[in-house]
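These notes concern the structure reproduced below.
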């Protein structure tokens, strides 16, 4: 009988930060599926919230899932190093935040638009659809027909 009770409490889909997560995956890997949370941050969050990493996400109680949801959606994580955040020293607020899901997409697009508006080098590269981070462009990232090496005439 205890097995039947556990099966009925299992959640196959858990909704966190406007995204459906697979309840059959381990807690760390399921949290890492969220955009803006990697495996290292997911491990740190589970240790901070005192959750067993080997448990599946669907096995957690509703209270624990709600605690995870509230902590992730709060954006400002206490007791977590700033280098783990994805939006450090925000230009507007000056705070270290970790954005998740659609909030992260909006923030990235806002940052790109700001770079374009102030005409920074990166902004200009974004506008012209070139490589932004210093990659080579002579032999890579071409568009259109490929240009091969000409053979010597015999």
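Residue numbers (the UniProt record's numbering): 1 to 154. Glycine residues also receive a C-beta, built at the ideal position from the N, C-alpha and C atoms.
> Got a sec, what are the start and stop residues for the alpha helix (DSSP H) residue 40 sits in?
Replying inline: 39 to 48
> Pairing CB atoms from the stretch 67 to 82 with CB atoms from the stretch 32 to 52, are three or more of them under 8 Å?
Replying inline: yes
> Going by DSSP, what residues sit across from residue 14 in a beta bridge?
Replying inline: 21
> Shortest alpha-carbon distance to residue 86 belongs to which of 104, 74, 78, 93?
Replying inline: 104
> Going by the beta-carbon positions, is the gap between residue 57 and residue 31 smaller than 9 Å?
Replying inline: yes
> Alpha carbon to alpha carbon, how far is residue 24 from residue 100?
Replying inline: 21 Å
> On the premise that residue 42 lies in contact with residue 28, defined as a C-beta separation below 8 Å, what is that separation, rounded to the nearest angstrom?
Replying inline: 5 Å
> Where in the stretch 95 to 124 do unbroken runs of the alpha helix (DSSP H), each at least 4 residues long, occur, reported from the N-terminal end onward?
Replying inline: 102 to 117
> Is residue 137 buried or exposed, if buried means 16 or more other CB atoms sit within 10 Å of its CB?
Replying inline: exposed
> Going along the chain, which residues of its own chain have a beta-carbon closer than 6 Å to the beta-carbon of residue 123, five neighbours each way excluded?
Replying inline: 115, 116
>> For residue 67, report the span of its alpha helix (DSSP H) as first-last.
In response: 62 to 73
> Under three-state DSSP, which class holds residue 90?
Replying inline: coil
> With a Cβ-Cβ cutoff of 9 Å, do residue 72 and residue 44 count as a contact?
Replying inline: no
>> Based on DSSP bridge pairs, tell me the residues matched to residue 151.
In response: In the DSSP output, where bridge partners are listed per residue, residue 151 has none listed.
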